[in-house]
Amino acid sequence: MDLLRETNRGRSVSLRGCVYCLLLILVLCANLGMSGRPPIEEGGRLQVVTSIPDLANFTMRIGGDLVDVQSLAKGLEDPHGVPIKPSFLPKLNQADVLVVMGLQNEHAWLRALIDVARNPRILPGNPGYIDSSVKVSPKQIPQVLSRRDGDLHPLGNPHFNLDPVNAKLMAGAIAEGLERVYPSGKGIFQENLKEFENEIDAQLTVWLKLAAPLKGLSFISYHQDTIYFAERFGLKEAGHIEIRPGVEPTQRHLVELVEKMKREHIQLVLREPYFSEQLPNWVAEETGARVAKFLIMVGGAPGVQTYEDLITFNLESLLAAVQSRNDQSND
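According to the working numbering, the sequence shown is numbered sequentially starting from 1197.
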């Protein structure tokens, strides 16, 4: 299948480019002798680096005027394989705090950078390393681990940010981490955390009403990144274009997926922005389904600048696809 070969080839080139860039950075930085910035002084601002934009949004809201925050990843990128830039290392070297998703979400690209950044504050196990997953209960933990089964979700599905209830848990972990590094800011962090939790609770009521027409709807997605969102809003994850996380589909898998969709009348395909449109569109054409754009991070589309924007965008995108399908059925 030419379409399948072209899709796989493009992803392989991207991954090779990421590896080459990483090797180049390691060589360039081996002799820099960087040792990080001096410890934060009372009344100063914590320099925070996050792996993805959602964590930056949470940290800015929890830290307020006590933090300066930068995200390494952009909302349109694959969080498992962010293209590495030379600018990442100075940011990590000067950081007081590093906030990560956890569950090895960033393991393939971030761990090596942390090791060569020469900043002990942000090493795993040290106060400046904040793992946002520590309060979250992982879903879809593999029963058997092997290279054949893919290697992107070995500790469970790391896309827990797409459940607003988990967003509160992540914010709580961030607040505790900031307090470790900046104890005098505890009162501010806790006050801002409470305000964040109240805002999410109020918005969740709105989101659940908005999602009511989607309850019970079955769908497929490209990657295994929808389970937390689906369970929170009452949808049913029925399959994936990938065979397993990080393992591209074979022609046989796609044929079986199309047959399953026809047999079970699955009419919705979710497409994450960092995957090509080709395979989702082909699957939709073969089954009469509709494709809905599904963002997994803040910044994944114009105007999606906050966490609330992200969840609202996804719900409205799915609703629009379902309405389009219904309108066609009624013609």
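Beta carbons are placed, not taken as given, at the ideal position from N, Cα and C, and that holds for glycine.
Handout entry: Min CB distance residue 1439 to chain D below 8 Å
Key = Going by chain labels, chain D is absent from the structure shown, which holds only one protein chain.
Problem - Extent of the continuous alpha helix (DSSP H) run through residue 1378 - result: Segment: none, residue 1378 is in no alpha helix (DSSP H) and carries neither H nor E.
Exercise for the section: For residue 1357, count neighbouring Cβ atoms within 10 angstroms of its own Cβ and tell me buried if that reaches 16, exposed if not. Expected result: buried
Handout entry: Spatial neighbours of residue 1428 in its chain, beta-carbon cut-off 6 Å, leaving aside the 5 residues before and after
Key = 1359
Problem - Where the alpha helix (DSSP H) through residue 1500 begins and ends - result: Annotation: residue 1500 is outside any alpha helix (DSSP H) and is labelled neither H nor E by DSSP.
Practice task
Could you check what DSSP says for residue 1446 in three-state terms: helix, strand or coil?
Solution key: coil
Handout entry: Reduced DSSP category for residue 1337 - H, G, I as helix; E, B as strand; rest coil
Key = coil
Exercise for the section: Within 10 angstroms of the Cβ of residue 1402, are there 16 or more other Cβ atoms? Answer buried if so, exposed if not. Expected result: Exposed, since its Cβ has fewer than 16 Cβ neighbours within 10 Å.
Handout entry: alpha helix (DSSP H) segment containing residue 1259, residue limits
Key = 1249-1259
Problem - Burial state of residue 1349, where buried means 16 or more other Cβ atoms lie within 10 Å - result: buried
Practice task
For the stretch 1431-1438 and the stretch 1372-1384, state whether three or more C-beta atom pairs, one from each stretch, are separated by less than 8 Å.
Solution key: Too few Cβ pairs lie closer than 8 Å, so no.
Problem - Per DSSP, the bridge partner or partners of residue 1242 - result: 1263
Exercise for the section: Tell me, please, whether the stretch 1361-1369 touches the stretch 1328-1343 by the rule of three or more beta-carbon pairs shorter than 8 Å. Expected result: yes
Exercise for the section: Identify, in the order they occur along the chain, each residue of the same chain with its Cβ nearer than 7 Å to the Cβ of residue 1302, setting aside the five sequence neighbours on each side. Expected result: 1247, 1275 and 1296
Exercise for the section: Give the straight-line distance between the Cα atoms of residue 1462 and residue 1514, rounded to the nearest whole angstrom. Expected result: 13 Å
Handout entry: Alpha-carbon to alpha-carbon, residue 1386 and residue 1444
Key = The C-alpha of residue 1444 lies about 43 Å from the C-alpha of residue 1386.
Problem - Coarse secondary structure for residue 1438, derived from DSSP in three states - result: coil
Exercise for the section: Assign residue 1327 to one of three DSSP states: helix, strand, or coil. Expected result: strand
Practice task
Would you decide whether residue 1498 is buried or exposed? Buried here means 16 or more other CB atoms lie within 10 Å of its CB.
Solution key: exposed
Handout entry: Contact set for residue 1291: own chain, Cβ-Cβ below 6 Å, skip 5 residues either direction
Key = 1243, 1245 and 1318
Handout entry: Terminal residues of the alpha helix (DSSP H) in which residue 1390 lies
Key = 1382-1406
Practice task
Taking only the alpha-carbon atoms, compute the straight-line gap between residue 1477 and residue 1486 and give it to the nearest angstrom.
Solution key: 8 Å
Handout entry: Strand pairing of residue 1467, partner residues [DSSP]
Key = DSSP, once it has assigned bridges, lists 1489 as partnering residue 1467.
Handout entry: Exposure of residue 1407, with buried meaning 16 or more beta-carbon neighbours within 10 Å
Key = buried
Exercise for the section: Tell me, to the nearest whole angstrom, how far the beta carbon of residue 1420 is from that of residue 1353; I am working on the premise that it is less than 8 Å. Expected result: 6 Å
Exercise for the section: Could you tell me whether the Cβ atoms of residue 1370 and residue 1328 are closer together than 8 Å? Expected result: yes
Exercise for the section: Alpha carbon to alpha carbon, how far is residue 1383 from residue 1339? Give it in angstroms, no decimals. Expected result: 42 Å
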